[in-house]
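Okay, structure first, notes after.
In the working numbering, the protein residues as written are 288 to 702.
What follows is the structure, given as structure tokens:
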């Protein structure tokens with residue numbers, strides 16, 4: 288909610304004028320010849336014409352406005368007050384020395400209410416929620432065009448040089464404007480390509496120092512295309528002025544000079560674009576599946592589609608093992624964790640009370656037949672024989688996993 292408040296100083300002035308009017312009316316009723324003046328709060332002045340004009344200018348000065356706390360200002364201009372000041376005054380008070388301006392509270396309140404309503408319409412959405420971002424009247428494409436247009440207007444053709452090459456005589460001002468307009472219609476990379484084609488690197492013609500190892504090795508010459516499609520040599524200042532740059536702003540040329548002369552295009556700007564980093568996820572999936580996650584050994588009833596790994600294995604150990612086996616594959620730990628937990632739907636849990644299908648089937652069979660998979664029942668019962676083989680496989684698999692973990696931990700400690 289936008290908090291609004293009248294200017295304290297102006298409010299006090301209005302209160303003083305209102306009280307002064309009440310006092311003057313009371314004295315006028317007692318003495319018909321009484322001439323009212325401004326109260327002490329506004330200053331004691333005579334009733335001359337000069338004082339009246341001064342008081343009039345004080346009340347109607349541009350500084351006497353009604354301000355609202357925020358970026359809103361509610362008040363008519365000073366010229367409007369000067370034109371209509373006598374219309375809002377009572378007829379009997381026009382002959383007095385003091386000028387009293389009264390603003391009706393209902394009109395002022397109506398102005399404030401409309402300002403509040405307009406401000407709230409920008410701060411809240413249609414559903415009544417606080418607006419989180421700035422509202423734009425124009426679409427994004429139009430705003431980008433306006434931004435480019437503002438940037439182009441700020442880089443119009445500058446004042447030409449007065450060098451010995453006579454650049455202004457070789458390239459006319461009309462041709463300069465045409466080059467400038469075409470230049471600022473190009474994308475950023477093509478602008479660099481345009482400048483690169485206009486800058487020629489050559490060996491320095493003369494040395495200005497006696498040192499054998501001079502820091503300056505090359506000289507640079509600048510060219511523009513004339514109206515006759517001929518390349519004309521110009522100075523650096525003229526080239527910058529044609530493109531809309533100040534003569535001190537030659538950083539763009541310095542960056543272009545760093546380009547290798549053998550290259551046909553300048554270096555691509557790396558801003559506002561991310562390098563594609565596509566990782567072969569099949570390699571990661573194969574490595575995760577090498578730990579043999581089980582489908583329904585644990586919590587089968589609540590999560591039948593989830594796979595599980597033993598709780599003594601974690602993603603950190605798996606990621607370190609992958610980095611040892613594939614040192615040339617570079618990707619983040621977060622990607623590996625996402626593939627394990629989200630894509631493959633694998634979780635880590637302790638052994639629960641639930642059994643696998645074979646174990647649960649044998650438990651039902653054991654209750655019905657009182658078999659306990661001993662040597663006597665293995666020869667006559669196929670189900671007992673199948674469960675016995677399944678149990679031995681599970682024990683051997685657990686031994687292999689523990690052996691692999693001990694080996695992996697030993698390798699981690701040795702690093």
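For each residue, glycine too, the CB sits at the ideal point set by N, CA and C.
This structure is a prediction, so every number in the text was calculated from the model and none was measured.
{"Asked": "Might you give, ordered along the chain, the residues of its own chain that have their beta carbon closer than 7 Å to the beta carbon of residue 599, omitting 5 neighbours on each side?", "Found": "692"}
{"Asked": "Starting from residue 457, follow the beta strand (DSSP E) in both directions and report where the run begins and ends.", "Found": "Not the beta strand (DSSP E): residue 457 falls in the alpha helix (DSSP H), residues 454 to 457."}
{"Asked": "Measuring CA to CA, which of 594, 537, 646 and 698 is closest to residue 673?", "Found": "646"}
{"Asked": "Classify residue 507: buried if its beta carbon has 16 or more other beta carbons within 10 angstroms, exposed otherwise.", "Found": "exposed"}
{"Asked": "Report the rounded CA-to-CA distance for residue 649 versus residue 580, giving the unit in angstroms.", "Found": "23 Å"}
{"Asked": "Write down every uninterrupted run of the alpha helix (DSSP H) in the stretch 588 to 656 whose length is 4 residues or greater and which is fully enclosed by it, in chain order.", "Found": "602 to 612, 620 to 625 and 644 to 656"}
{"Asked": "What separation, rounded to the nearest whole angstrom, lies between the Cα atoms of residue 306 and residue 400?", "Found": "26 Å"}
{"Asked": "Does the Cβ-Cβ distance between residue 475 and residue 556 come in under 8 Å?", "Found": "yes"}
{"Asked": "Distance check for residue 520 and residue 454, CA to CA, integer angstroms please.", "Found": "8 Å"}
{"Asked": "Would you kindly work out how many angstroms separate the C-alpha atoms of residue 517 and residue 533, rounded to a whole number?", "Found": "25 Å"}
{"Asked": "CB-CB under 8 Å to residue 632, same chain, minus the five flanking residues each way: which ones, in chain order?", "Found": "592, 593 and 594"}
{"Asked": "What does the alpha-carbon distance come out to for the pair residue 314 and residue 308?", "Found": "10 Å"}
{"Asked": "Could you round the C-beta distance between residue 543 and residue 483 to whole angstroms and report it? I think they count as a contact, below 8 Å.", "Found": "5 Å"}
{"Asked": "Return the chain-ordered list of same chain residues with a C-beta closer than 7 Å to the C-beta of residue 470, the five sequence neighbours on each side being excluded.", "Found": "478, 481 and 530"}
{"Asked": "Give me whichever residues DSSP pairs with residue 487 in a beta bridge.", "Found": "508"}
{"Asked": "Go to residue 428, then tell me how far its alpha helix (DSSP H) extends in each direction, as first and last residue.", "Found": "427 to 440"}
{"Asked": "Only counting the same chain, and skipping five residues up and downstream in sequence, which positions put a Cβ closer than 8 Å to that of residue 575?", "Found": "605, 626, 627, 631 and 633"}
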